[in-house]
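What follows is a single structure, written as structure tokens, with notes after it.
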Amino acid sequence: MAIVHMKDIVKRYSSHIVLDNIDLDIAYGEILGLLGPNGAGKTTLIHALAGIHGFDSGAIEVFGKEQKANLLEIKRQIGLVTQEITLFTDLTAKENLAFFGGVYGLKGEKLKKRIDETLEFVGLSEHARKLPAKFSGGMKRRLNIACALVHRPKFLIMDEPTVGIDPQSRNHILETIRQLNQQGTTILYTTHYIEEIQNLASRVVIMDQGHIIANGTIDELVKKIQYEEKIKLEVAAPTDDLLERLRKLDGVKQVLKNEKEIHIISQVESGNLDRVLSIAREFGGIHSISAEKPTLEDVFLTLTGKRLRDGGEEE
Amino acid sequence: MMLMKASYFIFRRMLRDYIGMAILLLLPIALISVLALIADGAVSEPLGIPMMDEVAVTMVFAFIMFGGFYTMEYVRGDLMSSMKWRIYSLPYGIHNHAYAILISCSLFNVLQSLLVVFYTIFVYNVNWGNLGIVFFIILLVTAVIQLVFINFVLGVKKYKTAERLGTGFGLACLMLGEVWFPLPDGPFFSFLSTYSNPFSLGQNMIFATITGENIEKAIISLVIFIALALVLAITAVYFGRRKLI
């Protein structure tokens, strides 16, 4: 069942089409990774989903209700973690959460409890009474997330929540996201770090120039572009005989030698790894062997022609 | 209810704005203290009140003319920077936040002005007349000034331009209010110095409270103020709808 259903969404800024007939469903309980180069339309899509601005045509349903700009009923159940750190720097961590929690209708003891729980959840309990100005980048990011969590949203939208932080804080945030998801929160996650999507997302959507150009699990997307597999072999003596034997294997397209390293490129699912191993053993010691498969990064590069972290941070 | 909560938090944020506090609270107190040394015992000729009383009234209203920078800064910070995406995503109308800014900035500015008023009463024995009326007048003038500045920040494209307009507005008010030099004689300039700006209008009302004279002038000033507040509120809503999504 879908928590979000988008159908034929079109959004224009004057004559420029930013979202071009977007169809997208997000299932309850999933972490959907949204990838796209700068200017792909990710942030516009997120803003339309969160009800921040409208769209020119199409329909969005969130929680089975029609989403329009500034529809408070739906906004109450969504949390948005913004790309920039959007905190009141002149309010303490606790006061920030009290403000945002209050806007979502929490009050009294319930609000207090939620604030304490949320600060605990993001590991900032000890810093509750400090101003964010005194926080490290990672702590600010965690508080930024906490502000979107205090009302316990069923659907959390995270727009590049880990930009510019140290690996330790990033791991903490990723673990927090996993826990949230395990607790039943549906998450839409955008990032420029492909490894985060690989670690977190159950499904990936790739956008480019206002279109969705790929949609599926990582394995599905990899299969789409997987035409060949590569085996990298390092041996003691890469003789011409060895190379010749490898070339004669079924499905092998190319064998290349680079000093002691041999690259064998075969058709996809040729099952040559075992055969390569046994031939190589006949010719002496094997130092190392590895089979390389396309990664999500390769998928992204193949489909968009761009590297994910090309250019600036913003759309 | 939400408006009250938001106003409370904005007020709290303002309490931690030490620069604003230094400029709009400590600076007038310092200037009054210096001018008190000069005004010592003198009497203001046209009004027939101690010079110190006139200095106090002038200083309080002069700084109120610049109090709108609070509103401007908070509108920019919350509704025109990246913070706006967070605010826009909340189940809470943007106009509510703008009103909350307006309310808390007005009250904060009133509070600062009243602190200066009390300082002049306790240290220099300045006679402000009925303090309830003084509070009402300061509240009215402050609210109008915040509305002027919110119009500036919402009405122009660049924040820098709004800042310049704010500074120009404050200085123009003081100039028309004859703080630095008298305007030339004649009915036109007399009208300008009496009714053309919030500074003079505020002074008219306060001096009427202190002296019990020129009540008619004070009533005209009050009517102009109320009309001005209504017009500015309407234009602020218009500009707000245009600028804030």
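Just so you know, the sequences run in chain order S and G. Just so you know, we're using my numbering here: the first sequence kicks off at 659 and counts up by one. Just so you know, we're using my numbering here: the second sequence kicks off at 22 and counts up by one. Beta carbons: idealized from backbone N, C-alpha and C, even for Gly.
message: For V676/S, count the other beta carbons within 10 Å of its own beta carbon; 16 or more makes it buried, fewer makes it exposed. Which is it?
response: Numbered from 1 along the first sequence, position 18 holds the residue referred to as residue 676/S. Looking at its Cβ environment, which holds 16 or more other Cβ atoms inside 10 Å, V676/S is buried.
task: Return helix, strand or coil for R787/S, following the three-state DSSP convention.
output: Stepping through the first sequence from its first residue, residue 787/S is reached at position 129. In the structure shown, R787/S sits in coil (DSSP, three-state: anything other than H, G, I, E or B).
Pair within 8 Å by beta-carbon distance, D681/S and K700/S: For the purposes of this step, residue 681/S is taken as the residue at position 23 of the first sequence. For the purposes of this step, residue 700/S is taken as the residue at position 42 of the first sequence. In this structure, K700/S does not lie closer than 8 Å to D681/S by Cβ.
query: Quick one: which chain G residues come within Cβ less than 8 Å of L734/S?
result: Indexing the first sequence from 1 puts residue 734/S at position 76. For the record, residue 734/S in the displayed sequence is Arg; it is not Leu. Here the neighbours are P112.
query: What is the DSSP secondary structure of Y613/S, reduced to helix, strand or coil?
result: Because residue 613/S is not part of the residues shown, which for chain S are 659 to 973, the question remains open.
- request: For the alpha helix (DSSP H) holding N225/G, just list the boundary residues, first then last.
  value: If you number the second sequence from 1, residue 225/G lands on position 204. Segment P219 to T232, the alpha helix (DSSP H) holding N225/G.
message: Looking at chain S, is there any beta carbon in it that lies within less than 8 Å of the beta carbon of F30/G?
response: By 1-based counting over the second sequence, the position of residue 30/G is 9. For F30/G, the answer is yes, since a Cβ of chain S falls inside 8 Å of its Cβ.
query: Under 8 Å between the Cβ atoms of Q884/S and K951/S?
result: Here the question's residue 884/S lines up with position 226 in the first sequence. Here the question's residue 951/S lines up with position 293 in the first sequence. A contact, by the Cβ cut-off of 8 Å.
- prompt: For I667/S, does the count of other Cβ atoms within 10 angstroms reach 16, so buried, or fall short, so exposed?
  reply: The sequence position of residue 667/S within the first sequence is 9, counting from 1. That one is buried.
- request: With distances taken Cα to Cα, identify the nearest neighbour of G88/G among S110/G, V131/G and K105/G.
  value: Here residue 88/G corresponds to residue number 67 of the second sequence, with the count starting at 1. Closest option to G88/G, Cα to Cα, is V131/G.
query: Cβ atoms of V137/G and V81/G: under 8 Å apart, would you say?
result: For this step, residue 81/G is matched to residue 60 along the second sequence. For this step, residue 137/G is matched to residue 116 along the second sequence. It is a contact, given that the beta carbons lie within the stated cut-off.
- prompt: Which two residues bound the contiguous alpha helix (DSSP H) that contains D932/S?
  reply: By 1-based counting over the first sequence, the position of residue 932/S is 274. Its alpha helix (DSSP H) spans residues L931 to E940.
- prompt: When you compare only the Cα positions, how much space is there between G187/G and S28/G?
  reply: Here the question's residue 187/G lines up with position 166 in the second sequence. Here the question's residue 28/G lines up with position 7 in the second sequence. So the alpha carbons of these two residues sit roughly 23 Å apart.
- request: In the DSSP assignment, find the beta strand (DSSP E) that holds H809/S and state where it starts and stops.
  value: Position 151 of the first sequence, counted from the first residue, corresponds to residue 809/S. Unbroken run through H809/S: none, as it is neither H nor E.
task: Establish whether the CB of R263/G and some CB of chain S are separated by less than 8 Å.
output: On the second sequence, position 242 is the one that residue 263/G refers to. No, no contact with chain S.
field: Sequence-distant residues of its chain with Cβ nearer than 6 Å to N235/G (five each side left out)
entry: On the second sequence, position 214 is the one that residue 235/G refers to. So the qualifying residues of the chain are A229.
field: Under 9 Å from the C-beta of D38/G: neighbouring residues of chain S
entry: Walking along the second sequence from the start, residue 38/G turns up at place 17. D748, listed in chain order.
- prompt: Can you name the residues that DSSP bridges to P71/G?
  reply: Counting from one through the second sequence, the residue named residue 71/G turns up at place 50. P71/G is bridged to V64/G.
- prompt: Quick one, are the C-beta atoms of H921/S and L931/S less than 8 Å apart?
  reply: Taking the first residue of the first sequence as position 1, residue 921/S is located at position 263. Taking the first residue of the first sequence as position 1, residue 931/S is located at position 273. No, these two residues do not count as a Cβ contact at 8 Å.
field: Buried or exposed (CB count within 10 angstroms, at least 16 for buried), T740/S
entry: Position 82 of the first sequence, counted from the start, is the residue given in the question as residue 740/S. Result: buried.
query: Grouping DSSP H, G and I as helix and E and B as strand, with all else coil, what is L132/G?
result: Taking the second sequence and counting its residues from 1, one reaches residue 132/G at position 111. Three-state DSSP puts L132/G in a helix.
field: Exposure label - N916/S; buried when at least 16 CB within 10 Å
entry: As a working mapping, residue 916/S is identified with position 258 in the first sequence. Exposed: under 16 other Cβ atoms inside 10 Å.
- prompt: Unbroken beta strand (DSSP E) runs of length 3 or more, entirely within the region 715-797 of chain S: which are they?
  reply: 715-720 and 736-739
query: Roughly how many angstroms lie between the CA atoms of S54/G and I154/G, to the nearest whole one?
result: Taking the second sequence and counting its residues from 1, the one referred to as residue 54/G is at position 33. Taking the second sequence and counting its residues from 1, the one referred to as residue 154/G is at position 133. Cα to Cα, S54/G sits roughly 25 Å from I154/G.
query: Which whole-angstrom value is the C-beta distance of N802/S and I710/S, which I expect to be below 8 Å?
result: For the purposes of this step, residue 802/S is taken as residue 144 along the first sequence, with counting starting at 1. For the purposes of this step, residue 710/S is taken as residue 52 along the first sequence, with counting starting at 1. That pair is no contact at about 17 Å.
query: Is the CB of L738/S under 8 Å away from at least one CB in chain G?
result: Here the question's residue 738/S lines up with position 80 in the first sequence. With 8 Å as the cut-off, L738/S counts as an interface residue toward chain G.
message: Counting only Cβ pairs nearer than 7 Å, list the residues of chain G close to F757/S.
response: Within the first sequence, numbered from 1, the residue matching residue 757/S stands at position 99. Going along chain G in sequence order, the residues near F757/S (Cβ under 7 Å) are F30.
query: Secondary structure at V78/G, three-state DSSP: helix, strand or coil?
result: On the second sequence, position 57 is the one that residue 78/G refers to. Note: V78/G maps to helix in three-state DSSP.
task: Spatial neighbours of N148/G within its chain, please: CB distance less than 7 Å, with the 5 preceding and 5 following residues excluded, ordered by chain position.
output: Counted from its first residue, the second sequence places residue 148/G at position 127. Correct list, in chain order: D74 and I231.
- prompt: What residues in its chain sit with their C-beta under 6 Å from that of D678/S, if we drop five residues either side in the sequence?
  reply: Translated into the one-based positions of the first sequence, residue 678/S becomes position 20. Excluding sequence neighbours, D678/S sits near G868 and H869.
message: Quick check: what's the CA-CA separation for F246/G versus K752/S?
response: Position 225 of the second sequence, counting from 1, holds the residue named residue 246/G. Position 94 of the first sequence, counting from 1, holds the residue named residue 752/S. For F246/G and K752/S, the distance between alpha carbons rounds to 40 Å.
task: Could you tell me the distance, in whole angstroms, from the CA atom of R34/G to the CA atom of A872/S?
output: On the second sequence, position 13 is the one that residue 34/G refers to. On the first sequence, position 214 is the one that residue 872/S refers to. Answer to the nearest angstrom: the Cα atoms are 46 Å apart.
query: In the DSSP assignment, what are the bridge partners of Q925/S?
result: As a first step, residue 925/S is located in the first sequence; it is residue number 267 there, counting from the start. For Q925/S, which the question treats as bridged, DSSP gives the partners E886/S.
- request: Tell me whether V863/S sits in a helix, a strand or coil according to DSSP, three-state version.
  value: Start at 1 with the first residue of the first sequence, and residue 863/S comes out as number 205. Looking at V863/S - three-state DSSP - the assignment turns out to be strand.
query: Who are the near neighbours of F759/S in its chain, counting only those whose CB is closer than 7 Å to its CB and skipping five residues on each side?
result: Counting from 1 along the first sequence, the entry for residue 759/S is found at position 101. With the sequence shown as reference, residue 759/S is identified as Gly, and Phe is not the correct amino acid for it. Contacts found: L769, R772, I773, V808 and H809.
message: Run through chain S and tell me which residues come within less than 7 Å of Y109/G, C-beta to C-beta.
response: Start at 1 with the first residue of the second sequence, and residue 109/G comes out as number 88. I710, listed in chain order.
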